[in-house]
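Asker: Sending over a structure as C-alpha cells; questions will come in a sec.
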Amino acid sequence: AFKAAVLIQQWYRRYVARLEMRRRCTWRIFQSIEYACEQDQIKLHNFFSYLIDHFTPSSSKERDFISRMFISGESIKEAELEKYCDYESMEVPDSYTGPRLSFPLLPDHATALLEAFKQKQQLHARYVLNLLHETRKHLKQLPNISHVSTCYSEEVTVCGDLHGQLDDLFLIFYKNGLPSPSKSYVFNGDFVDRGKQSLEILLILFTFLLIYPKEVHLNRGNHEDHVVNLRYGFCAGLITMSRVHGKKILKMIQNVFCWLPLATLIDQKVLIIHGGISDTTDLDMLEKIHRNKFISVLRGKKRKESNRNVEIQEINGESKAEADPAGNEAVPSLSLQSQPAQTPSKANRLEFSKWVRQTVQEQIEWCRRLADISDSEEEELTCASAVSLTDLDGPCWTRQEEWKQILDILWSDPMPQEGCRVNTVRGGGCYFGPDVTGKILEKYNLQFLIRSHECKQEGYEFCHNRKVLTIFSASNYYEIGSNRGAYVKLGPDLVPHFVQYQANKMAHTLTMTQRQGFLVALISRVEESAFRALREKLFAHTSALISAFKAYDKDNTGRIMLSNWAMAVESVLHLGLPWRMLRPQLVRSTADGMLEYKSWLDDLAMEQRSQEHIQSSLLEVIYRNRSNLETIFRIIDRDHSGLISFEEFHQTWKLFSSHMNIELTDDGIDDLVRSIDFNKDGNIDFNEFLEAFRLVKQSQ
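Number 700 marks the last residue of the sequence shown (full-length UniProt numbering); no jumps.
Following this line, the structure appears as C-alpha cells:
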C-alpha cells in the first residue's frame, strides 16, 4: 500500500509538472506575440512620424491634413470642442428605453447604468457626450499625481488593466462592493482596447468618478492613447457602435484621456503608476508637466520641439552653434531674426520675462509670415511657444524631457537585473532593475510601487524583493483560462491583501471533480490557441524562413537538422521562445533527426489556405501585414468614418511620394484612387484597400 501511494504521488507530481510546463510555454507564446505586435505598432508610427517631420506642405490644406493625421483633437480650442460636441442640441426619442442621466449625478444613476449594461443596453449619445463633458471639466481640476489617504476610508482597492472586459469589472464590484464614501478605488489605466466593451467600462468609471470624486481615482495607461487605439480596436469599435455620433464621442474621449492623472500616492508611501519607472524618473517634474499636451505619448518628437529648443537655448544664452556643433536638425529660420542688442539680466525676473515674451512673439510673427499661416492658428502657436512668468520661476524643461517622463511611467517594465536599459521588447519605455527601484523609493521615502501593464498568470506578482507589485485585473486575457484577474486591497497598515478571480460563468456551476477535468480541458484549449497563433506567425514569414533554412542547407538538399531549425526560426521571428521545447508541437520528429523544411512550410500554407482561398505567397504577405494595413487605413481615415475619401488618399499619397521621390501629378493620383474605388461610390473602404494591396502584390 505504501509503495502504491508513492507511485501515485510520483505520477501525480509528474502530471502536474507537465501541465505547469505546458502552461508556461503557452504563456510565453502569447506574451511574445503580444509584445512583437506592440513593436510593430511603434515602428509603423515612427515611420509615419518621420514622413510628417520631413514633409514640407505646399498649401494650408496639406498643412492641416498633416497636423491632424496623428494628433486629431490635440490642438482643438475649447470653444470649438464645445461646439463640435454639442450634446444639448441632441434629442432623445421617446422610444429610447435605456438609462437617463441628469447632472449632478447620484448613486442611483450609477446603479441604473450598471443594470442597463448587464442587459446589453446602450447609453444614448446625448448622455455619453454630456458625461464626457462633465468628466473632462472635473479631470482638468485634478493634479498630475492624485493623493489618497486610508484615514478617510477603511481600505483602498487598486485594480489593474481591464482592457474592455466588462465582466471583470462586474465581478470586482460583486466581490468587493461598489465605490462609496467608505470604499475607495484606484483604477490603474488601460481601461480600453482588445475587449469589446471598452466604452461601457469608461462610462461606468467616469460616472463613479463624478459621484465620488474623493473616493474614485483613475490613472492614465499606455492604451489611453489615440495612436494605440487606432490599432487595438477601440476606435473602430466605437465608430461601428455609433455611426451617427461616433466621431464626436471619439474626439471627446481623446481629449478626456489626455487629462487623466499620471499617478496616485497612497498615504505618501505607495506610488501607483501604470508601467514603471526609469533612472531619470522625477516625481517633482511629473507633478508640474502640462499632461494635456500629450494626446499620444508615442508622438513625442515634433517639428515644433526643435523650434522650442532653439528658443530655450537662446533664453539660456546659448548660440545655435554651441547647442549643435554638428549642425544636426538645425532650424536656421529662427536664428535669422535679429536679436535685441542687450539681453536683460536674469536677476530682474520681471524685466527678463517681458523680454522673453516680446522676443518669442516677434519670432512667431516672423515664422507665421514665412509659412503663410493664417491668424486663426495664432492661438495654438502662441500656446506652444510662449514662455510664461510661472515657467521661469522653476526649471525650464524641454518637451522632450517631459515626454520621456510620461513615456517611461506608462510603458516601462521591471527586470531582475540591475540597471536601466531601453525596452526593446515593447519598443517603448525602459527596463528598470531593483537598484533603480531602490533609489526611487529612498529618494521619495516610499515603501513600494504598484504597477500594472503586464498580464500575470495569477493576476499579480511581486518582484524586486517585494518592492514592486504588478496587478492585472483582466482575466482570460489571451484566451479563456489563460490567466486569473486580481485586485489588491490596502488598509492603514499598507499591507497588500489580494483577491483573485476568473470571469467564467461555466466554471461556477461545476463540482470539484468536474473542475479538475475542466482545468485540463482549458489548458489544452489555451495551448491549442497559442500554437495556432504561432503557426500563423511562422507562415507569415515563410520567405524569410526559407532563406534562413538555406543558410544551414549548404548542399541544397532541402533538409536541415532539427537543432538548426530552432536557431533559424529564432533568427527570423526574434520572439525569444524556447523553440527546442516547442518543436514537438510544431514539427514532426524523424528517425534521422532531419527536417524537410519545404514540405513543412507547405503544410503550414495548407493549414492557412483551408481558411482563406488565396494563393500561398500572397496570403503570407497579407498575414504578415494585415494589422499594419488596418492601422494605416485608420490613420489615413482621419475623420474615422470607416471610409477613405479621395482627398484623404490624395494628401497621404503626396506624403508617400515625397518620401520615396516619386514624381506623380495630381491627375495621376486621381487616376490611382479611382482605380482602387471598385464600387465607384467615391470612397475607399477597407476591403477595397486590402484588395488593391492584393492585386499589386499579385502583379509583382
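By construction, the Cβ of each residue, glycine as well, lies at the ideal position given by its N, Cα and C atoms.
#1: According to the Cβ coordinates, are Gly-221 and Asp-413 closer than 8 angstroms?
#2: Is it the case that the segment 484-501 contacts the segment 455-464, given that we only count it when at least three CB pairs across the two stretches are under 8 angstroms?
#3: Closest by CA to Leu-286, which one among Leu-203, Pro-181, Thr-398, Asn-176?
#4: Buried or exposed for Met-415, going by 16 or more other Cβ atoms inside 10 Å?
#5: At the 8 angstroms Cβ level, is Leu-210 part of the contact set with chain D, yes or no?
#6: To the nearest angstrom, how far is it from the Cα of Ser-563 to the Cα of Phe-170?
#7: Using a Cβ distance threshold of 8 angstroms, determine whether the segment 152-168 contacts the segment 128-144, with at least three qualifying pairs required.
#8: Excluding the 5 residues preceding and the 5 following residue 775 in the sequence, name in chain order all residues of the same chain whose CB lies nearer than 8 angstroms to its CB.
#9: Check the C-beta distance from Tyr-478 over to Leu-283 and give it rounded, since I have them as a contact under 8 angstroms.
#10: To the nearest angstrom, how far is the alpha carbon of Leu-271 from that of Gln-400?
#11: From which residue to which residue does the beta strand (DSSP E) around Gly-427 run?
#12: On a Cα-Cα basis, can you pick out the residue from Gln-141, Glu-88, Phe-208, His-124 that is closest to Leu-105?
#13: To which residues of the same chain is Asp-592 closer than 7 angstroms at the C-beta, ignoring the five residues directly before and after it?
#14: Can we say the segment 23-42 touches the segment 523-542, given the rule of at least three CB pairs closer than 8 angstroms?
#15: If you reduce the DSSP assignment to three classes, tell me which class Glu-648 lands in.
#16: Pairing CB atoms from the segment 254-263 with CB atoms from the segment 141-151, are three or more of them under 8 angstroms?
#17: Quick one: what's Lys-293 bridged to in DSSP?
#18: Let me know if Gly-237 comes out buried or exposed under the rule of 16 or more other beta-carbons within 10 Å of its beta-carbon.
#19: Does the separation of the CB atoms of Asp-161 and Phe-472 fall below 8 angstroms?
#20: From which residue to which residue does the beta strand (DSSP E) around Arg-399 run?
#21: So what's Tyr-477 in DSSP terms, helix, strand or just coil?
#22: With a threshold of 16 other CB atoms inside 10 Å of the CB of Thr-382, please say whether the residue is buried or exposed.
#23: How many angstroms separate the CA atom of Asn-423 from the CA atom of Ser-149?
#24: How many whole angstroms separate the CB atoms of Glu-215 and Ser-184, which I take to be in contact at a CB cut-off of 8 angstroms?
#25: Buried or exposed: Gln-500, going by 16 or more other Cβ atoms within 10 Å of its Cβ?
#26: At the level of alpha carbons, what is the spacing between Trp-653 and Phe-539?
#27: Quick check on the burial criterion: 16 or more other C-beta atoms within 10 angstroms. Buried or exposed for Gln-447?
#28: Please report the straight-line C-alpha distance between Glu-612 and Met-606, rounded to a whole angstrom.
#29: Considering only the alpha carbon of each residue, which of Ile-440, Cys-463, Thr-470 lies closest to Glu-454?
#30: Could you name the residues of the same chain whose beta carbon sits closer than 7 angstroms to that of Ser-89, not counting the 5 residues immediately before and after it, in chain order?
#31: Would Gly-427 and Leu-407 qualify as a contact pair, given that the criterion is a beta-carbon distance under 8 angstroms?
#32: Which residue wins for smallest C-alpha separation from Arg-28, given the options Thr-157, Lys-196, Leu-582?
#33: Indicate the three-state DSSP secondary structure (helix, strand or coil) for Tyr-487 in the structure shown.
#34: Phe-633 and Tyr-597 look like a contact to me (Cβ under 8 angstroms); what is the Cβ gap, rounded to whole Å?
#35: Between Leu-114 and Ile-204, how many whole angstroms is the CB-CB distance? I'm expecting something under 8 angstroms.
#36: Use the C-beta contact count for Val-16: other C-beta atoms within 10 angstroms, 16 or more gives buried, fewer gives exposed.
Answerer: This is what the structure gives:
#1: Contact: no.
#2: Contact holds: three or more Cβ-Cβ distances are below 8 angstroms.
#3: Nearest option by C-alpha distance: Thr-398.
#4: Residue environment for Met-415: buried (at least 16 other C-beta atoms within 10 angstroms of its C-beta).
#5: Among the chains in the structure shown there is no chain D, since it carries only a single protein chain.
#6: Between the alpha carbons of Ser-563 and Phe-170 lies a gap of roughly 48 angstroms.
#7: No: the two stretches stay apart, fewer than three of their Cβ pairs being nearer than 8 angstroms.
#8: The requested residue 775 is not part of the displayed model; the chain covers only 1 to 700.
#9: In fact, because the Cβ distance is near 34 angstroms, the residues do not count as touching under 8 angstroms.
#10: Each residue's Cα considered, the two are about 24 angstroms apart.
#11: Boundaries cannot be given for Gly-427, as no beta strand (DSSP E) includes it and DSSP labels it neither H nor E.
#12: When only C-alpha atoms are compared, the closest one is Phe-208.
#13: Taking C-beta separations shorter than 7 angstroms and ignoring five residues to either side along the sequence, Asp-592 has no partners in its chain.
#14: In short, these stretches touch, since the Cβ pair count reaches three.
#15: Correct three-state label for Glu-648: helix.
#16: Touching, yes.
#17: For Lys-293, which the question treats as bridged, DSSP gives no partner whatsoever.
#18: Gly-237 is buried by the Cβ-count criterion.
#19: Phe-472 sits close to Asp-161, with the two beta carbons spaced by under 8 angstroms.
#20: DSSP places Arg-399 outside any beta strand (DSSP E); the residue lies instead in the alpha helix (DSSP H), whose first and last residues are 399-411.
#21: Three-state result, Tyr-477: coil.
#22: Because the pLDDT of Thr-382 is 35, which lies under 50, any placement of that residue in the model is unreliable, and the question is left without a value.
#23: When only Cα atoms are considered, Asn-423 and Ser-149 end up about 33 angstroms apart.
#24: About 4 angstroms; that satisfies the 8 angstroms criterion.
#25: Looking at its Cβ environment, which holds fewer than 16 other Cβ atoms inside 10 Å, Gln-500 is exposed.
#26: Taken atom to atom, the span from the alpha-carbon of Trp-653 to that of Phe-539 is near 30 angstroms.
#27: Gln-447 comes out exposed.
#28: Low confidence applies to Glu-612: its pLDDT is 47, below 50, so where it sits in the model is not reliable, and the reading given next is rough at best. Looking at the two C-alpha atoms, the distance is approximately 10 angstroms.
#29: Scanning Ile-440, Cys-463, Thr-470 for the CA closest to the CA of Glu-454 turns up Thr-470.
#30: Beyond the five residues adjoining it in sequence on each side, Ser-89 comes within less than 7 angstroms, by CB distance, of no other residue in the same chain.
#31: No, they are not a contact pair.
#32: Considering only Thr-157, Lys-196, Leu-582, the residue with the shortest C-alpha distance to Arg-28 is Leu-582.
#33: In this structure, Tyr-487 counts as strand in the three-state DSSP scheme.
#34: That belief does not hold up - the Cβ atoms of Phe-633 and Tyr-597 are roughly 34 angstroms apart, past 8 angstroms.
#35: Yes, they are in contact, since the Cβ atoms of Leu-114 and Ile-204 sit about 7 angstroms apart, within 8 angstroms.
#36: With fewer than 16 other Cβ atoms within 10 Å, it is exposed.
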